[in-house]
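Colleague: My numbering puts the first residue of the sequence shown at 15, with every later residue one more than the last.
Just so you know, even glycine gets a beta-carbon here, dropped at the ideal spot from N, CA and C.
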Amino acid sequence: MSPLKFAATLSLCVLSACRGAVDPWGPSLESAKRNADNVFAAFAYRYHNVQRDGKFTVARQKMGRYALIPSKIFNDTSVWTTMAGDTARSFVMEGALSDSRYLFRARGSAGLPDRLGEQRHSLQLRALGDDNFEWITHVDQGIGPVRAEQVGRALGALFTSFESMRDQNIPRHARTVFPHTARHLGQLFAIDSLRTVAVGDGSTSFFMRITLSPDTLRVRYPAFAAYLDKYVMPSTLRMQLTDRSGATYFDLDKHDDHFTVRLRAKSGELVALSGPARPMPDSLRIRLDASAKFMLFRVGYSNLVGDFIFERSAHERAWFMRFQKEPDWRLPLAADRLIKSPLRRPFEGRGTELRLGVRDDLGNQAMSQRQVRTAVRESAIMRFLGGLGASAFGDFSGNSEVEENRFISETFGALRQDFAAIAR
């Protein structure tokens, strides 16, 4: 979980701190609080005092270094838990809270989690020939006996509850209802501007500007704050969700130390930001522009466009994204001289796929699921980019990661405290 995405999501959560954001978790207040507490506890466990066994420690370091040039690790027995023939490799591990630590352990195979907070990770690497490889990742985590429909409705309320608070001071209300969460997240960001505006058609528009400030964070999380200073603060990100006609339904923009979010809702549904209040469809287009600073130069892309689909079934809710169009690359001069055709490989054929979902029919635990599939073609430019990624991964490993994990775990702990205190 990147610090930026984490801050953006949790800031919206604080701003949605009202009964309208709690009720969808269950048919009664007590069941809603119980379901939400289970979900928050699962993620608090996941980031609490994380430890790894020796096999996973070695595999993780090497995968982080050679993700874009996987031939370097394809035949390395220290990385894989299973090596099937000449074309397939896999790594499986389990994670669980044990003795006041969350321990990841490599396994030859593993079943689905059956206790709150437990995880199963499965990473596969396939050799496709001609320097082409495919990565497939599956992560399952137990989040309690909540229904997928309830999680879906709770997320919907998270992004629309501002509609019922147009006449209130939302930040003050959030600090009152969710005091522990607001105080904790206040170490990382401050709300500069927040507006809700009633539109003549009965809809409500929402604008929020947040400033990231690691200075307060530095007191308790100095290494995490230093990592934010180096990599997150100078980064840029623009994310938009649009329909096929070009109408925008979600707009997030991050530059330097601040990001803005724009939304519009009517009758509990997100609608187009401008023009007629058209409800957001299940099939959308996602556009991303992003860049990061490495030493004296920037690396990034613009106009990365893909499909964004809301999947709904009796026992499942998911966001599915597929990218089949190569973006416009922003590369330093040295890399720009290299042959760039391998950069098209992740977008060929099926493209790159990401799926985030919840499923409730796989056992006594509902499962939070993450699935990623992408392909790479080794080349000089991929070695160059892999070196940059390895450098950032190396800076993150160690105290930076330990402190980020603690910050995230304590955030979900604060959410648990605040939800428990909500009265009828």
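1) Do residue 164 and residue 134 have their C-beta atoms within less than 9 Å of each other?
2) With a threshold of 16 other CB atoms inside 10 Å of the CB of residue 28, please say whether the residue is buried or exposed.
3) According to DSSP, is residue 340 helix, strand or coil?
4) Can you grab the Cα-Cα spacing for the pair residue 159 / residue 253, in whole Å?
5) Mark residue 19 as exposed unless 16 or more other C-beta atoms lie within 10 angstroms of its C-beta, in which case mark it buried.
6) Which runs of the alpha helix (DSSP H) at least 4 residues long sit entirely within the region 352-431? Give them in chain order.
7) Beta carbon of residue 368, beta carbon of residue 339: below 9 Å?
8) Starting from residue 89, trace the alpha helix (DSSP H) both ways and give me its first and last residue.
9) Count the C-beta pairs between the region 195-203 and the region 412-430 that are closer than 8 Å, then say yes if the count reaches three, no if not.
10) Measuring straight from C-alpha to C-alpha, what distance separates residue 310 and residue 406?
11) Determine, using beta carbons only, whether residue 356 and residue 393 come nearer to each other than 9 Å.
12) Applying the criterion that 16 or more other CB atoms from any shown protein chain within 10 Å of the CB defines a buried residue, is residue 49 buried or exposed?
13) Determine the extent of the alpha helix (DSSP H) in which residue 184 is found, giving its start and end residues.
14) Excluding five sequence neighbours on each side, which residues of the same chain lie with their C-beta closer than 7 Å to the C-beta of residue 238?
15) Would you call the region 84-98 and the region 134-150 in contact, with 3 or more CB pairs under 8 Å?
16) Looking only at C-alpha atoms, which of 320, 292, 349 and 244 sits nearest to residue 365?
17) What is the DSSP secondary structure of residue 201, counted as helix, strand or coil?
Modeller: Concretely, from the data shown:
1) no
2) Note on residue 28: pLDDT 49, under 50, position unreliable in the model; the coordinate value appears next. That one is buried.
3) coil
4) 32 Å
5) Since pLDDT at residue 19 reaches only 49, below the 50 mark, its modelled position is unreliable, and the value read off the structure follows with that caveat. Exposed: under 16 other Cβ atoms inside 10 Å.
6) 394-410
7) no
8) Segment: none, residue 89 is in no alpha helix (DSSP H) and carries neither H nor E.
9) yes
10) 14 Å
11) yes
12) buried
13) 184-191
14) 231, 414, 417, 418 and 421
15) yes
16) 320
17) coil
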